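Report on the following structure.
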Amino acid sequence: MSAQTITQESVTISKHPTSYSGYTLFAPLGGKDVWLIDMRGRVVHQWSMAYPPRLYGVLLESGNLLYAGKVNDSPLVDFEGGGGILLEVDWDGNPVWKYEDRYMHHAFYRMKNGNTMIVKWVPVPDNIAAKVKGGLPGTEMKGGMWADAFQEVTVEGKVAWEWLAYEHLDPEVDYICPLCERDEWTHASACVVMSDGNILASFSKTHTVAIIDRNTGEVRWRWGRGEIAHQNDAIVLRSGNILIFDNDVHATPYSMGFSRILEVNPKTNEMVWSYEDELRTNFYSSIMGSCQRLPNGNTLICETTTGRIFEVSPKRDIVWEFNSPFFHQSSIYGRNNYIARAYRYGSDYAGLKGNIKFREEDEPHVEGVDASRTEQAVRRRIDSLGY
Amino acid sequence: MGVRRRSEQCVTLYNPSKAYNGYTIIWVEMSKDAWLIDMRGYIVHRWRMPGSPGLHGRLLRDGNLVSSVLVKTKRELGLSGQFSGLGGLLVEVDWEGNTLWEHKAPYQEHDFYRMDNGNTLYISWDPEGHVPPDIAAKIKGGMPGTDHKGVMWGDVVREVNPAGEEVWKWLAYEHLDPEIDILCPLSNRGLYPCINSVFGMPDGDVLISMRHTDTVGIIDKATGDVKWRWGPGEIGHQHDASLLDNGNVLLFDNGCQRRGYGPTYSRVVEVNPATGKIEWEYKSNPPTDFYTATMGGCERLPNGNTLITESMKGRVFEVTPEGEMVWEYVVPFYHWFEFPHQYHGEWINALFRAHRYAPDYAGLQGRDLDPKKFDWVNRVYGPDAFRKEVV
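Residue numbers (the working numbering), protein chains in the order written: chain A, 1 to 387; chain B, 1 to 391.
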């Protein structure tokens, strides 16, 4: 830990007139808590969960929290991002719904019909695995290879629809990154059901973001090879453009050590907007990360490995920045304040109505941030929780 | 700019009882000023150099600074973006910056080494090193079809004497084995193997770091054979290999393009060449807090500490053998830098390597090291400019 990263306050900047005011939801990777903070970094709500996050939770319009947790006995413990349980709880943490599948990982999406799209690992048949190109030779897991399945799970827990990557991806075109193991083909790190029912997926190990036809299962759009490297989050915007967190690991010819957020028009494959830091290497997360386009046009970014959540304007100015004070010891990552994803909900978000008692508007408006106060409040909170 | 990361500059941590106290050369990319700073971050000397670093300078025992400087950019030499690390002029200046010796080598790149006999080893990408097509065809790895305008440029290590006469040369393609020295699968095939450090060993052999084959190696001076190799599968696009007094090799493992899927981090490793075992390493906690994809330096100090340059972060820090950080400096000098590849330029505070010298170092005897001489610079870039108000 460098001195640079431990001496700072939590909220280091907050430009009220230009930031998208609301509440930010995140789940530090090493803990079991989900925190909702206001624009000054004050904790306004907390959910204590039975499992650590893999990787994140979202606040539904109903006010419930939908959260993916990591079970202890996942059969694929060596795979990064393995979860195993989905939990839906109400504002007070009471269980509403749960779904268990020890092969679930990374991402989930609550659909408009109330069903949930999940991402899970399934074994690739040997005859197909043998045809898959790329990867480091001889690095299959006990001789086998795994790939992703997307399953639509009903409220009753039934699988209503399924898509298998190995049935629809091309072993030649969708080859594995040459510097990665062949234990896993695709490593889907994001999955979004689009308004037309098609599915947007981010396949991190093949450096590809894809749109999958819901009816035929075919890959209708593929983008990223040669442009992005081990990207994680991908979402679809109202304009139809795709927003991608390009991590920049194993790039060609070599990585420069900085991440980017890219907005791509899938009709033309043009990059219409991008964010990188003014000093590029100051924004980098080699794993995970999230990006969210906010209603006012700003973008909320979660830079996982620095524990930093920040909001940038379309002109790339940082208008809000939060540095997580929640540190945990991990056997894999060391002492870290990693956060996989973060989401901002506007003060008028349906899921917050009647729940937030502590409104920012009730407080006298102060330009800038009373950082010491934030720090003390969070410290007290942490102390009281025995971290 | 991340607000948090911009806010800490100059010396941010100093433990005088554990640090190897001395003076550190800070020479930032694209700057013609090589600064010498004390442990508190005060500037005590400046060399006004004939160019920006290509890529670093060392203080000799006689008090002169020997360095390589950037003369012509890669564009001027007709080289593509992948040729990062050009110098072009080896130059030795005295304390006042007067040129005492120079050697023009337009394609000199990355590193040089001043030997005890006064000769200078350096690395070069010159046309003599071009890999003949029949050999290039045999070299494995790399992305197909990515050679540089039909040519694979091979590195050359050259040795010149004080009179500028070449006394030894080593062409990579003549001595590397296409079956063993395999390019990283994602690398361009325009560079082979991209040597980025050269170190003259006391027995005359030459220790080199080959970035695109993820290998450090020792060249037998007499035969040119590579008599020791280490690295593939262990390290990724490493830099700065040097020989320690105990016979081990210290190197900066960038971790860029390291094999496997997972968090990226840099580390400094000390490997025993006899066994190939890592006997010491430094990683941050969490490891992802210390990472530079390109460049990077490490220097074992006489008290056993290690001075580390996290180049692209503009951060120089010193750790004890136990891995405790006892000094940290964040470079406050920013310079405009044209990036390779498709990216636009940016203001960077990056540096290739920092070097530390104790007050009793022969080259510092009798020198005026009073920071007051640089009062005006210290007011802007010294520790007082960044001191936080105590509430």
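Yeah, the Cβ is synthetic: ideal placement off N, Cα and C, and Gly gets one too. Owing to the predicted nature of the structure, the values given are computational and were not obtained by experimental measurement.
- With respect to chain B, the C-beta atom of A:Cys180 has a partner C-beta closer than 8 Å.
- The continuous stretches of beta strand (DSSP E) do not include A:Asn198, and DSSP gives it neither H nor E.
- Here the alpha carbon of B:Met152 sits roughly 24 Å from the alpha carbon of B:Tyr343.
- Not a single C-beta of chain B is nearer than 8 Å to the C-beta of A:Tyr349.
- Taken atom to atom, the span from the alpha-carbon of A:Asn337 to that of A:Ser239 is near 34 Å.
- Separation of the CB atoms of B:Lys283 and B:Tyr261 is rounded to 18 Å, and the pair is thereby denied contact status at 8 Å.
- Restricted to the segment 191-233 of chain B, the beta strand (DSSP E) segments that are unbroken, complete and at least 3 residues in length are 195-200, 206-210, 215-219, 226-230, listed in chain order.
- Annotation for B:Arg211: Pro193, Cys194, Ile195, Asn196, His237, Gln238, His239 place their beta carbon closer than 8 Å to its own, counting only its chain and skipping 5 residues before and after.
- Look at B:Pro133 here: in three-state DSSP terms it is helix.
- Secondary structure at A:Ser285: coil, using DSSP grouped into helix, strand and coil.
- By the neighbour-count criterion, in which 16 or more other beta carbons inside 10 Å mark a residue as buried, A:Asp183 falls on the buried side.
- Residue pairing from DSSP leaves B:Ser52 without any beta-bridge partner.
- A:Val119 is positioned such that its CB atom lies no closer than 8 Å to that of A:Ala129.
- The segment 98-168 of chain B contains, as complete alpha helix (DSSP H) runs of 4+ residues, the segments 133-138 (chain order).
- The residue among B:Pro232, B:Arg158, B:Ile235, B:Ile278 with its C-alpha nearest the C-alpha of B:Val206 is B:Arg158.
- Between A:Ala190 and A:Ala234, the CB-CB gap stays under 8 Å.
- A straight-line Cα-Cα distance of about 12 Å links B:Leu77 and B:Ser84.
- Taking C-alpha positions only, A:Asn198 is separated from A:Lys205 by approximately 21 Å.
- When the five nearest sequence neighbours on each side are left out, the beta carbons in the same chain lying within less than 6 Å of the beta carbon of A:Ala350 are those of Glu61, in order along the chain.
- In its chain, beyond the 5 residues on either side, Met39, Asn305, Glu318, Val326, Trp327 have a beta carbon closer than 8 Å to the beta carbon of B:Ala19.
- Annotation for B:Glu281: Arg267, Val269 place their beta carbon closer than 6 Å to its own, counting only its chain and skipping 5 residues before and after.
- Counting only residues of its own chain and dropping the five nearest sequence neighbours on each side, A:Lys98 has a CB closer than 8 Å to the CB of Ile85, Leu86, Leu87, Glu88.
- Residue state for B:Trp27 is assigned as strand, using DSSP reduced to three classes.
- Ranking B:Trp95, B:Asn378, B:Ser124, B:Lys372 by CA distance to the CA of B:Gln108 puts B:Ser124 first.
- Separation of B:Asp370 and B:Leu36 (C-alpha to C-alpha, rounded to the nearest whole angstrom) is 11 Å.
- Counting only residues of its own chain and dropping the five nearest sequence neighbours on each side, A:Val159 has a CB closer than 8 Å to the CB of Gln151, Glu152, Val153.
- Residues of the segment 219-240 of chain B with a Cβ closer than 8 Å to any Cβ of chain A, in chain order: His237.
- At least 8 Å separates the beta-carbon of B:Phe374 from that of B:Arg48.
- At least one beta carbon of chain B lies nearer than 8 Å to the beta carbon of A:Leu136.
- As the crow flies, the alpha-carbon of B:Ile139 is around 11 Å from that of B:Thr213.
- The closest CA to that of B:Asp368, considering only B:Leu60, B:Tyr23, B:Val249, is found on B:Tyr23.
- As for any alpha helix (DSSP H) of minimum length 4 sitting wholly inside the segment 41-96 of chain A, there is none.
- Contact of A:Tyr333 with chain B is assigned, a C-beta pair being separated by under 8 Å.
- Beta-bridge annotation (DSSP): A:Ser331 is not paired with any residue.
- Inside the segment 134-179 of chain A, DSSP marks whole alpha helix (DSSP H) runs of 4 or more residues at positions 165-168, from first to last along the chain.
- In the DSSP annotation of this structure, the continuous segment of the alpha helix (DSSP H) that includes B:His175 starts and ends at 172-175.
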